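I have placed the structure first, in the form of structure tokens, so that the comments after it can refer back to it.
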């Protein structure tokens, strides 16, 4: 089945009500990032991780907050639990999910000192230090979790990352359907099937080198120029959907 080539189908829709609400809620929910950023930036592990919020693209915001949260959680939570649990479901304050006290990460220098079996090592002092580190990690996770990963707006942000160049080329997502479900005014009915058909075609492309190192805008502009054998746009419905949620302008 060929992509639609009618003049009307190529006209990008106006920015949807869902998108407007998403922007409004984002402004309300990202203030804490700026407030808490300085604390995390003091840790060597997070130098440069949390950029000024105005420089963060909406489609990457969930990941930008998720990465430091999961990294800190990995310092003290059981590895198996963290690996199998979605971020929005992690119970980071439940002691049942903590690793053993001797396996809590304390930084490279301390871990090397412990491994050396230094006779001068104060075991009681180390235990107290480890407990303080644990308290610090839990508090850091609590502060970051104010982002409310399970909030519907944050789930939408997580889905938006599906259309980043890296995610498209990773071929991880068989269907795009969860994302348009968040923007029902942009695509529905038969168009949804066409959108998903084009998505599956896109994710199975063998991308040439000229698709490397592109930001999200450049990537989708390039995709919009790809043609089928009859010289019609290969991804007309998909690119109209992308422009509809205005990621091209962010």
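Residue numbers (the numbering used here): 7 to 256.
By construction, the Cβ of each residue, glycine as well, lies at the ideal position given by its N, Cα and C atoms.
All figures in this text were calculated on a predicted structure; none of them were measured in a lab.
CB contact flag (residue i, residue j, <7 Å)
i	j	result
residue 201	residue 247	yes
residue 110	residue 136	yes
residue 133	residue 165	no
residue 150	residue 75	yes
residue 229	residue 213	no
residue 68	residue 163	yes
residue 79	residue 147	yes
residue 182	residue 205	yes
residue 177	residue 209	yes
Beta-bridge partners of residue i, as assigned by DSSP
i	result
residue 239	233
residue 83	104
Integer-rounded CB distance, given that residue j should sit under 8 Å from residue i
i	j	result
residue 155	residue 93	5 Å
residue 144	residue 189	Actually they do not touch by this definition, with Cβ atoms about 36 Å apart.
residue 71	residue 153	5 Å
residue 251	residue 171	That belief does not hold up - the Cβ atoms of residue 251 and residue 171 are roughly 16 Å apart, past 8 Å.
Helix, strand or coil at residue i [DSSP, three-state]
i	result
residue 135	helix
residue 161	helix
residue 245	helix
residue 190	coil
residue 142	helix
residue 250	helix
residue 92	coil
Proximity test, residue i beta-carbon vs the ligand PLP heavy atom, cut-off 6 Å
i	result
residue 189	Among the components of this structure there are no ligands whatsoever, and the ligand PLP is therefore not found.
contact_flag[the stretch 101-109, the stretch 78-89] where n(CB pairs < 8 Å) is 3 or more: yes
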